[in-house]
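The structure appears below as structure tokens.
Numbering (the UniProt record's numbering), first residue to last: 1 to 253.
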């Protein structure tokens with residue numbers, strides 16, 4: 001469950017590479033592009049330029065390098081030529097990358113063009129909730145502290161937290177122990193120890209937290225049709241607190 005110094009160094013390298021994928025997406029015009037075209041661009045960048053492996057492709061039979069979740073899609077959206085991003089959309093890209101045997105996992109919700117204030121506030125609050133959870137990470141703290149911090153911030157802003165999906169340990173495998181819930185009670189759950197590496201990836205809805213999976217077996221949407229947003233980072237518990245392995249350049253400082 002815990003990683004040693006050499007393993008953490010390799011995971012940090014994977015995390016930096018994955019951060020660079022999102023930094024490239026930050027510079028990519030999204031309006032008018034299909035999610036499949038973006039998927040293909042990301043795959044070329046990971047394979048050809050970063051000399052890494054897109055870890056999601058082939059995982060559990062999934063055929064793409066990213067999940068693309070638009071508006072009321074909570075997670076696991078499938079890239080498609082017919083899903084063209086339009087002015088006012090919000091879209092989450094969830095991407096994994098493996099380098100030297102270790103996997104990093106991260107996601108970011110993008111504002112496409114001019115987004116209405118309600119959607120913009122949801123996205124901003126979800127991002128804040130992610131960091132509320134990250135700030136709860138330190139040796140000796142409990143996993144329940146993470147979920148409590150996230151859900152408290154969401155509820156204070158009038159949003160619900162999806163309970164059906166959670167963060168997870170990560171390393172040589174994409175999904176390892178422990179599970180990281182995005183709701184909970186402080187002081188409960190597993191005690192965090194130095195060397196633990198896991199993802200924190202809250203999904204917040206404007207409406208109720210109930211979700212349903214579409215007939216394709218992958219795409220998860222809000223049951224009431226409300227907007228949903230998500231952010232995710234891979235983090236490591238350090239002696240002094242937390243290291244965000246997938247932190248992007250715009251987040252430093």
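Cβ atoms here follow ideal geometry from the backbone N, Cα and C, with glycine treated the same way. Computed from a predicted model, the values in this text were never measured in an experiment.
Beta-carbon spacing of residue i, residue j below 8 Å
i, j, result
"residue 222", "residue 94", "no"
"residue 138", "residue 241", "yes"
"residue 85", "residue 35", "yes"
"residue 90", "residue 229", "yes"
"residue 167", "residue 134", "no"
"residue 97", "residue 160", "no"
"residue 64", "residue 78", "yes"
"residue 177", "residue 189", "no"
"residue 3", "residue 197", "yes"
"residue 147", "residue 183", "yes"
"residue 18", "residue 246", "yes"
"residue 140", "residue 192", "yes"
Assigned secondary structure, residue i (DSSP; H/G/I helix, E/B strand, else coil)
i, result
"residue 74", "strand"
"residue 39", "helix"
"residue 95", "strand"
"residue 24", "helix"
"residue 108", "strand"
"residue 13", "helix"
"residue 123", "helix"
"residue 150", "helix"
"residue 167", "strand"
"residue 155", "helix"
"residue 174", "coil"
"residue 204", "strand"
"residue 66", "strand"
"residue 53", "strand"
Heavy atom of the ligand ZN within 7 Å of residue i beta-carbon
i, result
"residue 250", "Absence of the ligand ZN from the depicted structure is noted, as is the absence of any ligand whatsoever, leaving it without description."
Cβ neighbour criterion (16 or more within 10 Å) applied to residue i
i, result
"residue 5", "exposed"
"residue 249", "exposed"
"residue 254", "Since the first residue of the chain shown is 1 and the last is 253, residue 254 is not available in this structure."
"residue 202", "buried"
"residue 83", "buried"
Nearest neighbour of residue i, chosen from the options [CA to CA]
i, options, result
"residue 104", "142, 9 and 188", "9"
"residue 208", "80, 136 and 164", "164"
"residue 28", "16, 41 and 18", "41"
"residue 155", "129, 142 and 3", "129"
"residue 49", "225, 32, 174 and 21", "21"
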